[in-house]
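What follows is a short report on a single structure.
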Amino acid sequence: MSYLPYAVAGWIFLVGLYGIVTSRNLIHLIVCVSVVQSSTYVLLLTIGYKEHGTAPIFKDLPLAESQRAVDPVVQALTLTDIVVGVTVLALLLALALDAHRATGTLDPDELRALKG
Amino acid sequence: MSARARLALFAAGAVGLAALLAWGFSGLADFGHYPGPYGDVLNRVAVRQRHVTSVVAATVFDYRGFDTLGEEFILFASAAGVALLLREARERDAVLRDPVADRTVRAVGLLLVGPAVLLGLYVVAFGYLSPGGGFQGGVLLAAGLVLVWAAGSYRAYSRVSPMTVVDLAEGLAAAAFPALGLALLASGGAFLENVLPLGTRGSLLSGGTIPLLNWTAAITVTAAVTLIVAEFLEELAVPLRRPTR
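Sequences listed follow chains A and U, in order. Position 60 (the first sequence) corresponds to 60 in this note's numbering; numbering is contiguous. For this note's numbering, count along the second sequence from 1 and bump the result up by 1000.
Set out below in structure tokens:
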């Protein structure tokens, strides 16, 4: 049971990957990429969590209780990850728009340059 | 490759990857039993060393400030990439249409602009004392500007976020982060070393370089998100060119 959050992270990753592989639309594919990315949030926060832990904010928490707080490093990574993820998502959507403008289609199978 | 062959290949790969992940995860600590010690050390020393009460902010803008510099550059590069891709392909002097006409949307949007911007400023300003910070507050500030579009019109939006100002803010704020690091280096410290006066614990005047980097990140993020939204809104406003093929 204590490995469930790790399993959730792995599941989100694989589900997103399945979406990428079977996608017939670039917009859908890009959403799948961000699903894959969100598995990293779950994984990071899972690693840093402590049982009955609190947020590493000591505005109201006495310093003596600092060992109850969860890992701040993975939280810092997750928060920058989210913001950077959004902008990279925007970049991918701009690429999709460009591809649509150039070829008139959003189906990755129809894009000749992407055909594998 | 046919769809079925691709799916079969994926299934084989996915099973292998799942097995690999399961093997890797089983070597990690149980959920809730953080192995440490990095986070524990930071939790113990950060408030005493930096006088800020949010250890997450102290990590982002001080202890791991160098990583944040990298993140800022990713942010900057993708925002610049969006602008480059969309501006280049767009037709000039096309007709702007404003897609928002619903009165309820306008009223609610208008009502929310002030609170959203205020909340954004609050989240940025107190980011190193309570939960928040430049990254989260920056997104909120940009969201406040988007509400101007929802409440008013694209023209109103482009008036509150003139592109030359946004571009300039984006570039300057992104440059300010390494510039501050280099200034600290030049003054005899290490790159991004926190040598400024630390102030009173738990007050807005605390943390040395943390508030400076916090506001730098806030401006970078606000400008980046505003830029991206503006570029996509302009796609909405300008009729797309006919497919060339």
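Glycine included, every Cβ here is placed at the ideal spot set by N, Cα and C.
- Message: Closer than 7 Å between beta carbons: that is the criterion. Which residues of the stretch 1151 to 1185 of chain U meet it against chain A?
- Response: none
- Query: Straight-line CA distance for U/Gly1171 to U/Thr1216?
  - Reply: 11 Å
- Query: Name the chain A residues that come within less than 9 Å of U/Leu1017, Cβ to Cβ?
  - Reply: Gly10, Phe13, Leu14, Leu17
- With a threshold of 16 other CB atoms inside 10 Å of the CB of U/Pro1197, please say whether the residue is buried or exposed. exposed
- Message: Comparing C-alpha positions only, which one of U/Ala1083, U/Leu1192, U/Leu1168 sits nearest to U/Pro1246?
- Response: Coverage of chain U is limited to positions 1001 through 1245, which leaves residue 1246 of chain U absent and any answer about it impossible.
- Query: So, does the CB of U/Thr1053 fall closer than 7 Å to a CB anywhere in chain A?
  - Reply: yes
- Of all the CB atoms in chain U, is at least one closer than 7 Å to the CB of A/Gln75? yes
- Distance, U/Ala1046 Cα to A/Val73 Cα: 12 Å
- Query: How close, in whole Å, do the beta carbons of U/Ala1294 and U/Ile1219 come, if the pair is a contact with beta carbons under 8 Å?
  - Reply: Lying outside 1001 to 1245, the shown extent of chain U, residue 1294 of chain U is not represented and no answer is given.
- Query: By Cβ distance below 7 Å, which residues in the same chain neighbour U/Phe1135 in space, the five residues on each side in sequence not counted?
  - Reply: Ala1217, Val1221
- Message: So for U/Ser1206, helix, strand or coil by DSSP?
- Response: strand
- Would U/Val1015 be called buried (16 or more neighbouring beta carbons within 10 Å of its own) or exposed? exposed
- Query: At which residues does the alpha helix (DSSP H) containing U/Glu1170 begin and terminate?
  - Reply: 1163 to 1186
- Is U/Asp1062 buried or exposed, if buried means 16 or more other CB atoms sit within 10 Å of its CB? buried
- So U/Ala1116 is in the alpha helix (DSSP H); what residue range does that whole segment cover? 1103 to 1125
- Going along the chain, which residues of the stretch 1018 to 1032 of chain U sit with their C-beta nearer than 8 Å to a C-beta in chain A? Ala1018, Leu1021, Ala1022, Phe1025, Ser1026, Leu1028, Ala1029, Asp1030, Phe1031, Gly1032
- Are the CB atoms of U/Ile1210 and U/Val1052 nearer to each other than 7 Å? yes
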